[in-house]
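Numbering-wise (my numbering), the sequence shown opens with residue 44 and increments by one. A virtual CB, placed ideally from N, CA and C, is assigned to each residue, including glycine. Values in this document were obtained by computation on a predicted structure and should not be read as measured data.
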Amino acid sequence: MADESFRLIVRQGIKQGMLEKFKELSTAYTEGTQANEPATLGYEWFISEDGSSCYLNEFYGSSKAFLLHFESLGPKLGAMLEISPLEEMIVLGDPSLKVKEMLGELGAKFYTPHAGFSR
44 MADESFRLIV RQGIKQGMLE KFKELSTAYT EGTQANEPAT LGYEWFISED
94 GSSCYLNEFY GSSKAFLLHF ESLGPKLGAM LEISPLEEMI VLGDPSLKVK
144 EMLGELGAKF YTPHAGFSR
């Protein structure tokens, strides 16, 4: 597991009455990421059955890929966080120090690779 790839798993609440707006924003973010960021390897949203929370599973081939994603999407995050506040952020992998500092400021917890593989 000695590579630069990492996953970012984010849990967010969804404010009551904001599910449709949340779906609009998350769909737009996903479409933009898929169209413009080939180094972002995965970007998937999962919504709870009751619509009160979600998980975002992001997969980056490198820290550079994440930084490009953040540069592109960062200015738009305020609208999302207004209706869907962060509850938990987990980083699986070993991103660069710069990425660790950025995500650490948002309360991320880091888990470094131990054993395993992905195909």
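Excluding five sequence neighbours on each side, which residues of the same chain lie with their C-beta closer than 8 angstroms to the C-beta of T76?
Excluding residues up to 5 positions away in sequence, T83, Y86, H112, S115, L116 lie with their Cβ nearer than 8 angstroms to the Cβ of T76 in the same chain.
Taking the alpha-carbon of Y98 as reference, which of R162, E47, L51, F160 has the nearest alpha-carbon?
When each option's Cα is compared against that of Y98, the closest is L51.
Can you name the start and end residues of the alpha helix (DSSP H) that S115 belongs to?
Segment 106-116, the alpha helix (DSSP H) holding S115.
If we count the other Cβ atoms within 10 Å of its Cβ and call it buried at 16 or more, is P118 buried or exposed?
The residue is exposed, with fewer than 16 neighbouring Cβ atoms inside 10 Å.
Go ahead and label G60 buried or exposed: buried means 16 or more other beta carbons lie within 10 angstroms of its beta carbon, across all protein chains shown.
Around the Cβ of G60, a 10 Å sphere holds fewer than 16 other Cβ atoms; the residue is exposed.
Just confirm the distance between the C-beta atoms of K66 and S127, as a whole number of angstroms; I'd bet it's less than 8 angstroms.
Not really, about 10 angstroms apart at Cβ, beyond 8 angstroms.
What did DSSP end up calling E87 once you bin it into helix, strand or coil?
Note: E87 maps to strand in three-state DSSP.
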